[in-house]
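Working notes, beginning with the structure itself.
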Amino acid sequence: MEELLPVLRALKLATTALCSEKEVSVSVVYPITAALLSRHLKRDEGESPKVSEFKRRVSESLTSRMEPENTGTAQKAAIVASFLDPRHKHLKFTTNAVKEAVHEKVRDLLSGLRVVSGDESGPAKRAKPVDAMVSFFGEDYFMGDTVTSDHSEIERYTNEEGISSSQDPALWWSLNEHRFKNLSRLAKAYLCIPATSVPAERVFSAAGLVVSRLRSRLLPKHVDMLLFLNKN
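To convert, note that position 62 of the sequence shown is 62 in the UniProt record's numbering; the numbers rise steadily by one, no gaps.
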């Protein structure tokens, strides 16, 4: 059992990071998986057969579940979040094919954002008279190339240096939102996703302790207040 301690310690650290409630967690799913597979679960010469077998089984399980080198993985929220996290945006933990697939996925998401924004209808306004030139050429003629704009924003983002692992990606986006207006919208949507269901399970567990038989007549708003105090 003692021989397994280094491996178990690495798995415990990975689990702790993924279950974090106060830090961005979804974006570290694939970087952590890659580190486990390439470093901590790599079989070493001289280790016992039991340790080698344990590493092999865990590695195979992780690889089959996560599919880190499959380009289809680019469709998953976790790896898109890794790209939107300035600590991991260069995607050094995966292959060039997967990187390109992720970039293509992000471009599609940015296009989707524009469609949603365009479909949102505000209060009815009086129609403005159509300019003769606009009427002749069409509105699209005078608009910027949005595809080029998306490519430019992604390129500027990827060409910049990443931030250190100790820095807060949420704070970075708060400070740089004005520079990457479209990507920042995606970052807000993706980086808030929890990596696991543990935070939600903790809340339900806390609710079970707060709402006991003697407190069964509490109003929902009071339960919410007690849960807030319990978790903060």
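Every residue, glycine too, gets a C-beta built ideally from N, C-alpha and C.
Bear in mind the structure is a predicted one, so any value in this text is a computation, not a measurement.
Where residue i falls, given that 16 or more other Cβ within 10 Å makes a residue buried
| i | result |
| --- | --- |
| Ala195 | buried |
| Pro31 | buried |
| Leu175 | exposed |
| Met66 | buried |
| Glu153 | buried |
| Pro220 | exposed |
| Leu36 | buried |
| Thr33 | buried |
| Ser38 | exposed |
| Lys99 | buried |
| Leu5 | exposed |
| Ser25 | buried |
| Leu84 | buried |
Residue i, DSSP secondary structure in three states
| i | result |
| --- | --- |
| Ile70 | Going by the sequence as given, residue 70 is Asn instead of Ile. Of the three classes helix, strand and coil, the one that applies to Asn70 here is coil, per DSSP. |
| Met1 | coil |
| Leu84 | helix |
| Thr95 | coil |
| Lys21 | Note on identity: in this sequence residue 21 is Glu, with Lys being the wrong assignment. Here Glu21 sits in coil by DSSP. |
| Gly162 | coil |
| Ser59 | helix |
| Asp224 | helix |
| Ala206 | With a pLDDT of only 49 at Ala206, under the threshold of 50, the placement of this residue in the model should not be trusted, and no figure is reported. |
| Ser64 | helix |
| Pro49 | helix |
| Pro6 | helix |
| Thr196 | coil |
| His90 | coil |
| Lys12 | helix |
| Leu229 | helix |
| Lys42 | coil |
| residue 241 | The chain is shown only over 1 to 232; residue 241 falls outside these bounds and no answer can be derived. |
7 Å Cβ shell around residue i - same chain, five flanking residues per side excluded
| i | result |
| --- | --- |
| Gly162 | Pro86, Arg87, Lys89 and His90 |
| Val29 | Leu18, Ala78 and Ala195 |
| Ser184 | Trp173 and Glu177 |
Same chain, Cβ closer than 6 Å to residue i, neighbours up to 5 away in sequence not counted
| i | result |
| --- | --- |
| Lys55 | Leu41 and Arg43 |
| residue 237 | As displayed, the chain neither begins before 1 nor continues past 232, which places residue 237 out of reach and without an answer. |
Candidates the options: closest to residue i by CA position
| i | options | result |
| --- | --- | --- |
| Ala101 | Ile79, Val28, Gln167 and Ser111 | Ile79 |
| Asp150 | Ser27, Arg9, Phe180 and Phe93 | Phe180 |
| Leu186 | Leu110, Phe228 and Gln167 | Leu110 |
| Thr94 | Lys105, Asp108, Leu84 and Thr73 | Thr73 |
| Thr158 | Ala189, Asp168, Val106 and Tyr190 | Val106 |
| Glu23 | Arg57, Cys192, Thr71 and Lys12 | Cys192 |
| Glu47 | Glu3, Glu177, Lys12 and Glu69 | Glu3 |
| Ala81 | Lys50, Ala14, Trp173 and Thr63 | Trp173 |
| Asp108 | Asn182, Ser165 and Ala10 | Asn182 |
| Ala170 | Leu13, Lys12, Ser59 and Ala189 | Ala189 |
| Ser165 | Ser27, Ala10 and Ser61 | Ser27 |
Run of the alpha helix (DSSP H) containing residue i, from where it starts to where it stops
| i | result |
| --- | --- |
| Arg185 | Lys181 to Tyr190 |
| Leu175 | Pro169 to Asn176 |
| Pro31 | Val29 to Ala35 |
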